[in-house]
Each structure stands twice: as C-alpha cells, then as structure tokens.
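Letter by letter, the sequence shown follows residues 2 to 329 in this note's numbering.
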Amino acid sequence: MSEDSIDDRLQHPRRSLGNRHRSQAKKYLKIVNGTDSDATNLGWAEQNARQSVLHDFTHPDNWRVLLEVKIISGDEDGIRAVLDDVFTVLGRDPELLNQLDNVNMLESGNIILEGAFAADPLDPDEWWETISIADENISNFMERVEGLDLRDRRANVLFSRRIERIRDNGDEDGYLSLARLILAQRPTNFEAWSELGRMHERRGEYSDAWICYDQAQSQFPRMDVRDQFKKRMESLLDGSGGKPWKAPAVNERLDFLRKMEAMATPETDKIGFPEPDEAASIDPLTEVRGLMSSGNFSEAFFVARRLAAEGTPGAIEITEEIRGEMDG
C-alpha cells in the first residue's frame with residue numbers, strides 16, 4: 002500500500018475532518034431560502050455532507066445532515082440510498098427497506114434513521130451501554146456476528162470496535178474468536194489486527210502476536226507495530242540469559258493463513274462454491290484468480306498470502322492486486 006494512498010487516510014474514521022465538512026454542509030443549508038440559488042447551495046451542502054460521512058461514518062450527525070439535504074431536495078430515492086448505506090454499516094440486511102416500498106420517505110426517513118441509531122448506536126461506548134443491560138443481549142450479539150457479512154470496510158471497523166468492549170469487560174476468548182472472524186472477512190483492517198496482536202501479547206502468545214502485528218504493518222506500513230513488538234521482545238530477553246526470540250516459523254504462519262482462509266467467506270456465500278480444479282495444482286494462482294472472479298477477495302487474499310509465504314512466484318504481486326481491489 003502506497004504511503005500516499007487515499008485509503009490509508011479514509012479507511013478509518015477521521016472525526017475532525019468529518020466535523021469540518023458537516024459544519025460546512027449546515028452553513029449551506031441555512032442559506033437555502035426558496036430562490037434560484039438554492040440548487041447551487043444544496044449541491045454544495047450535499048458535497049460537504051457526503052465528505053463528512055466519508056471521513057467519519059461513526060458520527061450519527063454526519064448521516065443526519067446528509068439525510069436532511071436529501072429531504073430538503075425532495076430526493077426520495079436519495080433518502081433510501083442513505084438509509085440503505087446506514088443499514089449496511091450497522092450490519093443489517095438492506096433488503097429490510099424493501100418492506101417499506103409504500104412508505105413516504107420524505108415524511109418517514111428521519112424516523113427510520115433515528116430508530117436505527119436508537120436501537121444500534123454508532124458510538125461503541127453508547128452501544129455497549131445499550132447492550133450490556135443483560136447478558137442475553139451480549140450472547141445474542143456474539144451469535145449474530147458469526148452470521149454477518151462484514152466485508153464492507155465501515156461495518157468491519159464498527160464491529161471490530163464493538164467487540165473490543167466485550168474484551169474490555171472480561172470476555173477475552175469471545176473477543177478472540179470474533180476478532181478472527183471479522184478480520185477474515187476484511188483483512189485490510191489494520192487497526193483490528195493491531196488490537197488482536199496486543200491481546201495475544203498480553204496473554205503471552207507471542208507467535209500469534211507477531212503474526213497479527215505483521216498483518217497490521219503489512220496493511221499499513223506507517224504503523225510499525227511489528228517492529229516495535231520485536232524490540233520489546235529483544236529488550237525482554239536482554240540480560241536474562243534466555244534464548245533470543247525468533248519470529249514464528251513459516252509452517253506456523255501457513256497454518257494461521259489456512260485457518261483465516263476457511264473463515265474468510267460468509268457461510269451463506271459458500272453454498273455451491275466450486276472446488277478448485279486440476280489446473281490449480283499446476284498453477285497455484287489459478288485458485289486465487291477464481292476466488293477473485295467470484296468476488297471472494299478476502300479468501301483470495303489469504304490464499305495469496307499463504308502462497309507468498311510458500312515462495313510461489315507472482316503471489317506477492319497478486320496479493321497487492323487483491324488489496325487494491327478491496328480498498329478500491
């Protein structure tokens with residue numbers, strides 16, 4: 002990933018930029034007054050509102066101002082598109098909106114949006130306050146995550162932050178299982194890789210920690226968590242007379258990548274998925290290309306990473322190609 006890649010800057014929320022664009026959108030909305038200039042002002046308001054959501058999809062006010070622009074513009078299809086996007090981020094089935102085909106979105110769009118946020122807050126701390134009232138809520142959530150399609154980058158970031166609250170409140174094993182599942186579906190989530198690495202490091206599971214930190218730094222080179230971890234391990238052993246710490250052997254990394262491959266595609270998408278053909282045994286990258294053509298980029302990513310670790314020619318290049326597709 003290029004250091005100048007826009008995805009480096011936009012994959013994770015940037016609240017200050019979101020706030021700035023939301024403020025600009027509101028300024029343009031305030032000067033809409035029924036004159037010929039309204040179309041221009043609404044256009045600028047929408048552009049800034051979209052930028053606010055792009056930079057920080059975790060702030061509900063950014064979605065609210067975008068929806069307000071659509072309502073003032075009388076754009077009922079646009080209102081549905083905004084709500085569809087919100088449902089995707091929240092891990093809900095956007096098809097639910099089809100049940101509201103006869104609903105006047107100009108009148109009910111705000112009600113639907115506020116209902117979604119009240120039941121499922123975007124802020125992970127507010128969400129935890131809502132869900133932690135009963136243990137049954139937490140167990141139901143964890144079971145639900147296992148069946149969700151979280152390949153959307155925003156949903157993946159949102160749910161990775163939610164499960165951190167589960168970890169912080171004592172269920173480390175539950176966090177570990179869900180974190181692997183979430184990352185299997187969106188391996189470019191470097192923030193979640195780093196958090197998972199810290200969890201393994203705290204538990205003394207140093208090989209697993211290194212693998213996670215390696216994934217994080219591979220996705221986002223400016224996050225030097227793997228290098229910092231190596232320094233901590235070397236410092237830990239200095240003067241102790243112990244054996245020098247070594248990174249996990251290739252076979253350990255391969256085992257890890259195979260496990261991630263198995264979790265990468267949601268169960269609902271595995272039905273009827275063809276087995277690799279004989280050509281794959283001749284050209285290992287055939288399987289990767291087949292997964293890519295089927296839209297299974299997460300699984301393709303881990304297969305390509307495994308092949309790269311095995312020294313397969315061309316595997317590193319196709320891994321970067323997949324990364325670009327996922328972040329494109």
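Just so you know, even glycine gets a beta-carbon here, dropped at the ideal spot from N, CA and C.
Please read these numbers as outputs of a predicted model, since none were measured by experiment.
Return the residue from the list the options that minimises the CA-CA distance to residue i.
i    : options                : result
E47  : E127, Y207, T89, E69   : E69
N252 : V226, P222, I212, M224 : I212
K260 : E196, I73, G315, A185  : A185
D328 : I164, D209, A309, F221 : F221
R155 : N42, G92, T41, P122    : G92
F191 : Y176, D225, G175, S208 : D225
D57  : D228, I134, L159       : L159
L43  : E321, G75, G175        : G75
L255 : V304, R15, S195, A193  : V304
L179 : G205, R204, L151, E206 : L151
S299 : G312, I183, R203, G175 : I183
A310 : D284, A250, R324, L292 : A250
I72  : W129, I32, E108        : E108
I317 : E144, R306, E326       : R306
G175 : G205, T36, E144, N157  : E144
A248 : D215, S236, V104       : D215
Going along the chain, which residues of its own chain have a beta-carbon closer than 6 Å to the beta-carbon of residue i, five neighbours each way excluded?
i    : result
H60  : G19
F88  : P95
L114 : L68
A26  : A46, N49, A50, V66
P125 : R162, R163, R166
D153 : T89
V146 : L179
E202 : A210
Please state whether DSSP places residue i in a helix, a strand or coil.
i    : result
W246 : coil
E137 : helix
D78  : helix
A305 : helix
G116 : helix
E85  : The sequence as given places Asp at residue 85; Glu does not occur at that position. Helix at D85.
S109 : helix
L91  : coil
E326 : helix
N297 : coil
A263 : helix
E253 : helix
N49  : helix
H60  : coil
T287 : helix
P125 : helix
V104 : coil
G312 : coil
Excluding the 5 residues preceding and the 5 following residue i in the sequence, name in chain order all residues of the same chain whose CB lies nearer than 8 Å to its CB.
i    : result
R23  : N49, A50, S53, H60, D62, N63, V66
A117 : L84, V87, F88, L91, R93
A281 : In this prediction, A281 scores a pLDDT of 47, lower than 50, which makes its location untrustworthy; no coordinate-derived value is stated.
T313 : P285, L286
S195 : C213, Y214, A217, M224, V226
Quick one: residues in its chain with C-beta nearer than 7 Å to the C-beta of residue i, no 5 flanking neighbours on either side, listed in chain order?
i    : result
E173 : M200
R81  : L98, M106
- Quick one: complete alpha helix (DSSP H) runs, 4+ long, within the region 11-42? Listed in chain order, the complete alpha helix (DSSP H) runs (minimum 4 residues) inside the region 11-42 are 16-31.
- Along the chain, which unbroken stretches of the alpha helix (DSSP H) at least 4 residues long are found entirely within the region 142-209? As far as the region 142-209 is concerned, its whole alpha helix (DSSP H) runs of at least 4 residues are 154-169, 173-186, 191-203.
- Runs of alpha helix (DSSP H) lying entirely within the region 207-239, each at least 4 residues, in chain order: Taking only runs of at least 4 residues, the alpha helix (DSSP H) segments lying wholly in the region 207-239 are 207-220, 226-238.
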